[in-house]
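Worksheet for the structure shown next.
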Ligand code: ATP
Ligand code: MG
Ligand code: MG
Ligand code: MG
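Residue numbers (this note's numbering): 4 to 472.
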């Protein structure tokens, strides 16, 4: 059985042998894209190479990219602990062709790697293609010999990738693994596709057009390839597991959490241990890349991740800061592949400890209030927006923490009521402000208040890290 570290190396090595330049992961804070909250795919660092703005001394590349999907368009925060396949931090393995090879070679390489090198059972694999992409359909028939009923045509944007409103775009083809009918879920395109029976492992993007304007799309003279496969998902397959959280790396992180809390990862507590292990990874990697907890933008996403994990630590009965105690295990597992973790160890450790120490008191008091306000609520009920806002404003509870706390009981939060309460408070602050008599000071004060208030909340649904309002 290969561990995560060997699987990463095997992937990089396979593409290196096939002529690809091995390129290191770029940081989680994108250097070339202020509109993106965090790096969320392997192609992010190559955007300008795909569009032709930047030249590199190689035309094919391979990488294992650190990704965070916890804010903006791709937000998997709510999935963590509840699906078998989502993390907030994960590694995306990818091979890229910048106007070099195209569909046939991309399919050939992917199929050869997973079925021959990795030895995955062909009969368990199925693929999707964009509904009009006959070329890809025929290549899967020819190269992989897949029967027609295991090549599924999909007409949605799931199988058509675009960099933005304009720029390179094209159909994509995804490879799925069927874990068997003992697990709930249906094939891609079916009503049960969100289940965990058919798990998507690899997305092959065929960049063959350029969207010039809303109505105009041209064929690219030299089409390109961008692929992404979740390291943790392929590791699960290679380790004979269904669930990403059962791979070697997570087994060790969760064991550390079990040991530190003295609470087993049984049915009642499994989700909490998973959330802690997952959020420890994203928090540690974000801090190592220069993000610190704050009340706006990227820093607020980090704070939300950390506080959410702390509530789960609290659920496990931890009375003292927990996360920083698990850090050495993470560094032992991942520090060789990502030396920045070791270099930033004391910063990460201190930041985790400080945030946990500060939040502990208000966490306990806030949970008391939450219990009081929601004790009588059950499945289908909603917590008032005013209570959620008080938890946010007075006790520092990010909205998603409150939502997560109520989730198991099927209770929702009145989100529009929450937003209204926030707006009301801002209006009151304005009305109560008697003024300093100095127009310039007033402008600064309100500017700050608006910025801190508004951008904190924007962290939930805005793609941009910097405040928009
Ligand atoms: P899913 O439908 O399972 O949420 P996706 O279609 O959003 O995945 P892509 O954007 O196509 O994922 O990313 C490429 C690959 O990265 C996926 O095929 C998967 O292997 C991996 N991946 C995506 N999101 C996550 C995540 N949150 N945690 C772990 N791996 C992920
Ligand atoms: Mg997704
Ligand atoms: Mg998908
Ligand atoms: Mg996908």
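Cβ atoms here follow ideal geometry from the backbone N, Cα and C, with glycine treated the same way.
Assumed close pair residue i, residue j - CB separation to whole angstroms, cut-off 8 Å
i: residue 373; j: residue 408; result: 6 Å
i: residue 132; j: residue 176; result: 5 Å
i: residue 186; j: residue 204; result: Contact doesn't hold; Cβ gap of about 15 Å is too wide.
i: residue 101; j: residue 62; result: 5 Å
i: residue 128; j: residue 180; result: 6 Å
i: residue 182; j: residue 202; result: 6 Å
i: residue 278; j: residue 311; result: 7 Å
i: residue 280; j: residue 326; result: Not quite, the Cβ-Cβ distance comes to about 10 Å (not below 8 Å), so this is no contact.
i: residue 65; j: residue 134; result: The pair is not a contact, with the Cβ atoms about 30 Å apart (cut-off 8 Å).
i: residue 45; j: residue 95; result: 5 Å
i: residue 228; j: residue 109; result: 5 Å
i: residue 35; j: residue 21; result: 27 Å between Cβ atoms; not a contact.
i: residue 239; j: residue 246; result: 6 Å
i: residue 389; j: residue 428; result: Between residue 428 and residue 389 the Cβ distance is about 10 Å, and since that is not below 8 Å, they are no contact.
i: residue 53; j: residue 210; result: 6 Å
For residue j and residue i, the rounded distance between their alpha carbons
i: residue 459; j: residue 37; result: Reliability fails at residue 459, whose pLDDT of 41 lies under 50, so the model's placement of it is uncertain and the value that follows must be treated cautiously. Their backbone Cα atoms lie some 18 Å apart in a straight line.
i: residue 165; j: residue 206; result: 13 Å
i: residue 192; j: residue 306; result: 36 Å
i: residue 208; j: residue 230; result: 6 Å
i: residue 424; j: residue 162; result: 40 Å
i: residue 5; j: residue 386; result: 46 Å
i: residue 303; j: residue 378; result: 29 Å
i: residue 344; j: residue 93; result: 15 Å
i: residue 359; j: residue 404; result: 15 Å
i: residue 234; j: residue 222; result: 32 Å
i: residue 122; j: residue 10; result: 13 Å
i: residue 144; j: residue 217; result: 33 Å
i: residue 232; j: residue 67; result: 9 Å
i: residue 282; j: residue 91; result: 7 Å
i: residue 414; j: residue 376; result: 12 Å
i: residue 463; j: residue 352; result: Low confidence applies here, because residue 463 scores a pLDDT of 41, under 50, leaving its location unreliable; read the following figure in that light. The alpha-carbon atoms of residue 463 and residue 352 are separated by roughly 26 Å.
i: residue 197; j: residue 189; result: 8 Å
i: residue 55; j: residue 74; result: 28 Å
i: residue 411; j: residue 250; result: 25 Å
i: residue 87; j: residue 433; result: 47 Å
i: residue 259; j: residue 294; result: 25 Å
i: residue 13; j: residue 241; result: 12 Å
i: residue 58; j: residue 16; result: 24 Å
i: residue 465; j: residue 148; result: Caution applies to residue 465, whose pLDDT of 39 falls short of 50 and renders its modelled position unreliable; the model cannot decide the point.
i: residue 31; j: residue 354; result: 18 Å
i: residue 334; j: residue 350; result: 13 Å
i: residue 382; j: residue 309; result: 27 Å
Counterpart residues of residue i in DSSP-defined beta bridges
i: residue 63; result: 100
i: residue 93; result: 70
i: residue 214; result: 170 and 220
i: residue 231; result: 206
i: residue 179; result: 129 and 203
i: residue 78; result: 73
i: residue 386; result: 416
i: residue 156; result: 132
i: residue 83; result: For residue 83, which the question treats as bridged, DSSP gives no partner whatsoever.
i: residue 163; result: 174
i: residue 24; result: 64
Same chain only: Cβ atoms within 6 Å of residue i, ignoring 5 sequence neighbours per side
i: residue 39; result: 33
i: residue 48; result: 29
i: residue 268; result: 257, 261 and 276
i: residue 118; result: 125
i: residue 105; result: 226
i: residue 43; result: 70, 72 and 77
i: residue 467; result: Because the pLDDT of residue 467 is 34, which lies under 50, any placement of that residue in the model is unreliable, and the number read from its coordinates should be weighed accordingly. These residues qualify, in order along the chain: 38.
Contacts around residue i, its chain only, beta-carbon distance under 8 Å, and the 5 residues preceding and following it disregarded
i: residue 184; result: 200
i: residue 340; result: 8, 11 and 67
i: residue 212; result: 171, 172, 173, 220, 221, 222 and 223
i: residue 314; result: 366, 370, 404, 407 and 408
i: residue 157; result: 131, 132, 133, 134, 191 and 192
i: residue 417; result: 385, 386, 387, 388 and 391
Same chain only: Cβ atoms within 7 Å of residue i, ignoring 5 sequence neighbours per side
i: residue 392; result: 421, 424 and 425
i: residue 266; result: 272, 319 and 320
i: residue 347; result: 290 and 291
i: residue 394; result: 369, 372, 373, 400 and 405
i: residue 338; result: 344 and 345
i: residue 263; result: 325, 328 and 329
i: residue 138; result: 106
i: residue 255; result: 332 and 336
Any chain C beta carbon closer than 8 Å to residue i
i: residue 18; result: Structure shown: chain C not included; a single protein chain is present.
>> For the structure I just gave you, are there three or more beta carbon pairs, one from the region 102-114 and one from the region 71-84, closer than 8 Å?
In response: A contact between stretches requires three or more CB pairs, one per stretch, nearer than 8 Å, and the region 102-114 fails this requirement with the region 71-84.
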